[in-house]
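Student: Pasting in a structure now, in structure tokens, and then I'll have a few things to ask.
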Amino acid sequence: MSSPLRIAIAGLGTVGGGALTILRNQAKLLEIRCGRPLQIVAVSASNKNKKRDIDLSGLHWVDDTASLADDPDIDIIVESIGGTDGIARTLVEKALANGKSVVTANKALIAHHGVALAELAEKTGAVLAFEAAVAGGIPIIKTLRDGLAANRFSRVIGILNGTCNYILTNMWETSRSFEEVLKEAQALGYAESEPSFDVDGIDTAHKISILTSLAYGCAPSIDNVYIEGIRRISLRDMKFADELGYTIKLLGIAVQTATGIQQRVHPCMVGKNSMLGTVQGVYNAVLVEGDFVGRVFLEGRGAGANPTGSSVVADIMDIARNVKYKPFTLPIASLPHENFVGINSLRCSYYLRLSVIDKSGVLAEVTNIFKKHSISLRSFLQHSHAPNETVQLVLTTHETEESRMLAAINEVAELDFMRDHPYMIRIENL
Ligand SMILES: NC(=O)c1ccc[n+]([C@@H]2O[C@H](COP(=O)([O-])OP(=O)(O)OC[C@H]3O[C@@H](n4cnc5c(N)ncnc54)[C@H](OP(=O)(O)O)[C@@H]3O)[C@@H](O)[C@H]2O)c1
Numbered sequence: 094m095s096s097p098l099r100i101a102i103a104g105l106g107t108v109g110g111g112a113l114t115i116l117r118n119q120a121k122l123l124e125i126r127c128g129r130p131l132q133i134v135a136v137s138a139s140n141k142n143k144k145r146d147i148d149l150s151g152l153h154w155v156d157d158t159a160s161l162a163d164d165p166d167i168d169i170i171v172e173s174i175g176g177t178d179g180i181a182r183t184l185v186e187k188a189l190a191n192g193k194s195v196v197t198a199n200k201a202l203i204a205h206h207g208v209a210l211a212e213l214a215e216k217t218g219a220v221l222a223f224e225a226a227v228a229g230g231i232p233i234i235k236t237l238r239d240g241l242a243a244n245r246f247s248r249v250i251g252i253l254n255g256t257c258n259y260i261l262t263n264m265w266e267t268s269r270s271f272e273e274v275l276k277e278a279q280a281l282g283y284a285e286s287e288p289s290f291d292v293d294g295i296d297t298a299h300k301i302s303i304l305t306s307l308a309y310g311c312a313p314s315i316d317n318v319y320i321e322g323i324r325r326i327s328l329r330d331m332k333f334a335d336e337l338g339y340t341i342k343l344l345g346i347a348v349q350t351a352t353g354i355q356q357r358v359h360p361c362m363v364g365k366n367s368m369l370g371t372v373q374g375v376y377n378a379v380l381v382e383g384d385f386v387g388r389v390f391l392e393g394r395g396a397g398a399n400p401t402g403s404s405v406v407a408d409i410m411d412i413a414r415n416v417k418y419k420p421f422t423l424p425i426a427s428l429p430h431e432n433f434v435g436i437n438s439l440r441c442s443y444y445l446r447l448s449v450i451d452k453s454g455v456l457a458e459v460t461n462i463f464k465k466h467s468i469s470l471r472s473f474l475q476h477s478h479a480p481n482e483t484v485q486l487v488l489t490t491h492e493t494e495e496s497r498m499l500a501a502i503n504e505v506a507e508l509d510f511m512r513d514h515p516y517m518i519r520i521e522n523l
């Protein structure tokens, strides 16, 4: 039997605790599968005296977390602290510079500093692994990097934030508002007390930028992601969506277009019986379209101790088996400076809801504007109402350019019978 792989775990919360539990509970199985023992030689977090669900007896506690990177008796570091900068970044940089491989679940760190870290790893021959950073227990990083490596990808689409999917699912199932469900999710621990990272789409943006880098062999570029969250989604729009055969999901989307790669995060209407449309609650899912493989769909738990621990340990096992790979598929020097395109060049169908005073000629004026912008309408919905009351007019369009659609919406917004700004949701054909 070969020498043990000596592991330090920095951060003992959800992810670190999950990894530790699996390393302990599955020790024999992992040793057989790796051909060597996986040994936890040190642990560190911010508070040694904190009461924890995990048992730390027999483990060597280190107060100075950053010092793990300099310890010659440690082979690899699991960074499960979090944060774009601070101790997580310091620890990872030091470890890689010292030639120690790093396994992290930290998507913010990889999205913002991944290239610099991968460059460090390349110099010292260390591995930088981050399977748990995107979609928790779903092995999407390995799938894009290894299993589907023979393909070019036209599209990668994911439900990548369990909190948002939980909120949207519950709003629909319990007929409650975004605010009510968010409050409940916070009380249950499914949403943070400061929820903007999740509900405003930033977390999904970090993740899709990482998937883009793997799918298209480029550096992650969070600054080139169009981001829109779910705060404005209402039960009313969910009901109209349902009537039209759709459901509303927050998607992270990376698309290869003729002029460059487009990355976007926003609520989408998708077919309610489509693969992504049926993903419920805290689950995550990713749909990948490869030119030779066709469609590949992965669904599973995107967060929590066991799923993320499963991904962290899989990365550790690769290192134990001496599997080497480039974090973003290519050597850093040959990563192209990808040409990203903005959302204005998007072409898709749209849902548009207008709050209008019901009077004659409304529909004619609206359709005239669409005609002027060469946008062809596909369907039209209006529910019965009392005369002269505000009525909701719902339109869907055939495929058209985003810039054209926005110009039409701005013109419609100026009409004197409008009672509110028009509300638009993009429709993603799956
Ligand atoms: N939670 C998930 O399901 C999930 C899924 C995918 C990715 N991630 C990512 O995984 C990372 C960890 O998330 P988590 O949910 O496990 O976080 P968490 O439960 O809040 O745990 C964070 C851990 O880091 C420790 N820590 C905080 N500040 C520290 C410092 N200055 N020095 C040393 N240790 C420090 C904490 O110590 P104490 O325990 O002593 O307070 C705690 O053990 C984040 O990057 C997150 O985005 C999480």
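Numbers given in the working numbering equal positions in the sequence shown, counted from 1, plus 93.
We put the beta carbon where it would ideally sit given N, CA and C, even for glycine.
1. Using the Cα positions of T483 and V459, report the straight-line distance between them to the nearest angstrom.
2. For the structure I just gave you, are there three or more beta carbon pairs, one from the stretch 315 to 334 and one from the stretch 265 to 273, closer than 8 angstroms?
3. Helix, strand or coil: how does DSSP classify R99 here?
4. Where do the ends of the alpha helix (DSSP H) carrying S472 lie?
5. Determine the extent of the beta strand (DSSP E) in which H205 is found, giving its start and end residues.
6. For A194 versus V155, is the C-beta spacing smaller than 7 angstroms?
7. Judging by CA-CA distance, which residue of H430, G387 and G435 is the nearest neighbour of A347?
8. For P429 versus A211, is the C-beta spacing smaller than 7 angstroms?
9. Nearest to A308 by CA position, among G383, R129 and T262, is which residue?
10. So, helix, strand or coil for C311, using DSSP?
11. What does the Cβ neighbour count give for R519, buried or exposed, with the cut at 16 atoms within 10 Å?
12. Within 10 angstroms of its Cβ, does P165 collect 16 or more other Cβ (buried), or is it exposed?
13. In whole angstroms, what separates the C-alpha of S137 from that of T107?
14. When you compare only the Cα positions, how much space is there between N142 and H153?
15. Tell me the residue span of the beta strand (DSSP E) that contains P360.
16. For I301 and G251, what's the separation of their Cα atoms in angstroms?
17. Where do the N-terminal and C-terminal ends of the beta strand (DSSP E) with L445 fall, by residue?
18. By the three-class DSSP mapping on this structure, what secondary structure does G176 have?
19. Who are I346's beta bridge partners in DSSP?
20. Looking at I468 and ligand 1, is the gap between the Cβ and the nearest heavy atom below 6 angstroms?
21. Using only CA atoms, which one of E495, I412, S438 and I354 lies nearest to F463?
22. Roughly how many angstroms lie between the CA atoms of V358 and G229, to the nearest whole one?
23. Is V70 near ligand 1 - that is, is its Cβ less than 6 angstroms away from at least one heavy atom of it?
24. Note down, in chain order, each residue of its chain lying with its Cβ closer than 6 angstroms to the Cβ of L123, except the 5 sequence neighbours on either side.
Tutor: Judging by the given coordinates:
1. If you draw a straight line from the Cα of T483 to the Cα of V459, it comes to about 16 angstroms.
2. Contact check between the stretch 315 to 334 and the stretch 265 to 273: three or more CB pairs, one atom from each, fall below 8 angstroms, which counts as touching.
3. Three-state DSSP puts R99 in a strand.
4. Looking at the DSSP string, S472 is not in any alpha helix (DSSP H); the run it does join, the beta strand (DSSP E), is L470 to Q475.
5. Premise fails: H205 lies in the alpha helix (DSSP H), K200 to T217, not in any beta strand (DSSP E).
6. First, the amino acid is wrong: residue 194 is Ser here, not Ala. Taking 7 angstroms as the cut-off, the beta carbon of S194 is found no closer than this to the beta carbon of V155.
7. Measuring C-alpha to C-alpha distances from A347 to each of H430, G387 and G435 identifies G435 as the nearest.
8. In this structure, the beta-carbon distance from P429 to A211 does not fall below 7 angstroms.
9. Comparing Cα-Cα distances from A308 to each of G383, R129 and T262, the minimum goes to G383.
10. C311 sits in coil when the DSSP states are folded into three classes, being neither helix nor strand.
11. The residue is buried, with at least 16 neighbouring Cβ atoms inside 10 Å.
12. So P165 ends up on the exposed side.
13. Those two C-alpha atoms are separated by around 14 angstroms.
14. N142 and H153: Cα-Cα distance of roughly 14 angstroms.
15. Counting along the chain, P360 sits inside the beta strand (DSSP E) bounded by residues G353 to G364.
16. A straight line joining the alpha-carbon of I301 with that of G251 spans about 8 angstroms.
17. That run of the beta strand (DSSP E) goes R440 to I450.
18. The three-state secondary structure of G176, taken from DSSP, is coil.
19. When beta bridges are read from the DSSP output, I346 appears opposite I250 and R357.
20. No, Cβ of I468 sits at least 6 angstroms from all heavy atoms of ligand 1.
21. Comparing Cα positions, the closest option is E495.
22. Each residue's alpha carbon lies about 18 angstroms from the other.
23. Lying outside 94 to 523, the shown extent of the chain, residue 70 is not represented and no answer is given.
24. Short of 6 angstroms from the beta carbon of L123, and not among the five residues preceding or following it, lie these beta carbons of its own chain, in chain order: L131.
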